[in-house]
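Asks: The following block contains the structure, expressed as structure tokens.
In the working numbering, the protein residues as written are 48 to 239.
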């Protein structure tokens with residue numbers, strides 16, 4: 048296919064060009080000894096800000112459990128367990144002043160996992176991520192249901208109080224009419 052002379056000639060030419068550009072055999076051997084660093088494209092500032100907020104939420108959740116704030120965030124640390132990720136996602140929903148939307152809760156989780164995967168050069172299984180996103184949906188649904196039940200109970204109490212107030216008012220009107228006219232009154236003989 049190729050003659051040895053032709054290959055030798057091509058090899059010499061390529062070596063000469065590579066060495067003139069600093070790509071020597073010594074350089075290559077040095078580079079082989081260095082640990083591999085994964086190069087990622089730059090992230091937009093707005094995305095980086097979202098990632099940092101998610102990592103801050105992770106740190107706050109870890110601190111609330113009296114654990115180190117940067118646990119599981121470095122390459123040397125083990126992966127977060129599925130249960131830890133579920134609890135982190137749930138804590139984001141339940142520890143907010145106002146209940147977050149499903150979109151913002153899912154966004155917090157996906158931003159955290161994206162940042163984590165970037166920093167550790169490891170990937171969480173897709174099935175695990177979907178499982179945690181389902182937990183977020185269930186947690187928000189449960190929070191909505193609880194809020195609706197609470198509101199319904201409050202409305203019921205208000206209705207009961209309103210009916211009690213009306214009954215008391217009717218009794219006062221009956222007593223007032225009885226005192227004014229001197230004869231017993233019933234609901235049909237009330238004059239206001």
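Heads up, the beta-carbon is just placed ideally off N, CA and C, and yes, glycines get one too.
Should the segment 53-61 be called in touch with the segment 116-131, which here means at least 3 C-beta pairs below 8 angstroms?
Replies: Under the 8 angstroms Cβ criterion, the segment 53-61 does not count as touching the segment 116-131, having fewer than three qualifying pairs.
Asks: Hey, quick one: how far does the alpha helix (DSSP H) through residue 155 stretch, first residue to last?
Replies: For the purposes of this step, residue 155 is identified with residue 108 of the chain shown, where counting begins at 1. Residues 149-167.
Asks: Tell me the rounded alpha-carbon separation between residue 153 and residue 144.
Replies: The sequence position of residue 153 within the chain shown is 106, counting from 1. The sequence position of residue 144 within the chain shown is 97, counting from 1. For residue 153 and residue 144, the distance between alpha carbons rounds to 17 angstroms.
Asks: So, for residue 239: in the same chain, excluding its five sequence neighbours on each side, which residues have a beta-carbon less than 6 angstroms away from its beta-carbon?
Replies: As a first step, residue 239 is located in the chain shown; it is residue number 192 there, counting from the start. For residue 239, the pLDDT reaches just 48, beneath the cut-off of 50, and the residue's location in the model is therefore unreliable, although a value from the coordinates is still provided. Correct list: empty, nothing qualifies.
Asks: What do you get for residue 140, buried or exposed, if any count of 16 or more other CB atoms within 10 angstroms of its CB means buried?
Replies: Working through the chain shown from its first residue, we reach residue 140 at position 93. Result: buried.
Asks: Return the first residue and the last residue of the alpha helix (DSSP H) that residue 136 is part of.
Replies: Residue 136 sits at position 89 when you count from the first residue of the chain shown. Note, residue 136: alpha helix (DSSP H), 129-141.
Asks: Identify, in the order they occur along the chain, each residue of the same chain with its Cβ nearer than 6 angstroms to the Cβ of residue 138, setting aside the five sequence neighbours on each side.
Replies: As a first step, residue 138 is located in the chain shown; it is residue number 91 there, counting from the start. Around residue 138: 108.
Asks: Taking all protein chains shown into account, do 16 or more other C-beta atoms lie within 10 angstroms of the C-beta of residue 86, making it buried, or fewer, making it exposed?
Replies: Within the chain shown, the letter at position 39 stands for residue 86. Per the 10 Å Cβ criterion, exposed.
Asks: Using three-state DSSP, classify residue 179 as helix, strand or coil.
Replies: The count along the chain shown starts at 1 and reaches residue 179 at position 132. Here DSSP, grouped into helix, strand and coil, assigns residue 179 to helix.
Asks: When you compare each of 129, 70, 65, 81 to residue 172 by their alpha carbons, which one comes out closest?
Replies: The residue you call residue 172 lines up with position 125 of the chain shown. It is 129 whose Cα lies nearest to the Cα of residue 172.
Asks: Say yes only if the C-beta of residue 64 is nearer than 6 angstroms to one or more non-hydrogen atoms of the ligand FAD, and no if none qualify.
Replies: The ligand FAD is not part of this structure, which contains no ligands at all.
Asks: Taking a contact to mean a Cβ-Cβ separation below 7 angstroms, would you say residue 179 touches residue 156 in this structure?
Replies: Taking the chain shown and counting its residues from 1, one reaches residue 179 at position 132. Taking the chain shown and counting its residues from 1, one reaches residue 156 at position 109. Taking 7 angstroms as the Cβ cut-off, residue 179 and residue 156 qualify as a contacting pair.
Asks: Cβ atoms of residue 98 and residue 293: under 7 angstroms apart, would you say?
Replies: Outside the shown range of the chain, which is 48 to 239, sits residue 293, and nothing can be said about it.
Asks: Tell me the rounded alpha-carbon separation between residue 183 and residue 101.
Replies: Counted from its first residue, the chain shown places residue 183 at position 136. Counted from its first residue, the chain shown places residue 101 at position 54. Going by the C-alpha atoms only, they are around 15 angstroms apart.
Asks: For residue 83, report the span of its alpha helix (DSSP H) as first-last.
Replies: What you label residue 83 is simply residue 36 of the chain shown in a count that begins at 1. Looking at the DSSP string, residue 83 is not in any alpha helix (DSSP H), and its letter there is neither H nor E.
Asks: Consult DSSP for residue 119 and reduce its assignment to one of helix, strand or coil.
Replies: Locating residue 119 in the chain shown gives position 72, where the first residue counts as 1. Coil.
Asks: What would DSSP say about residue 172, mapped onto helix, strand or coil?
Replies: Start at 1 with the first residue of the chain shown, and residue 172 comes out as number 125. Residue state, collapsed to three classes: coil.
Asks: Would you kindly work out how many angstroms separate the C-alpha atoms of residue 132 and residue 73, rounded to a whole number?
Replies: As a working mapping, residue 132 is identified with position 85 in the chain shown. As a working mapping, residue 73 is identified with position 26 in the chain shown. Whole-angstrom Cα-Cα distance: 46 angstroms.
Asks: Among 78, 127, 124, 185, which has the Cα closest to the Cα of residue 150?
Replies: Translated into the one-based positions of the chain shown, residue 150 becomes position 103. Residue nearest to residue 150 within the set 78, 127, 124, 185 is 185 (criterion: CA-CA distance).
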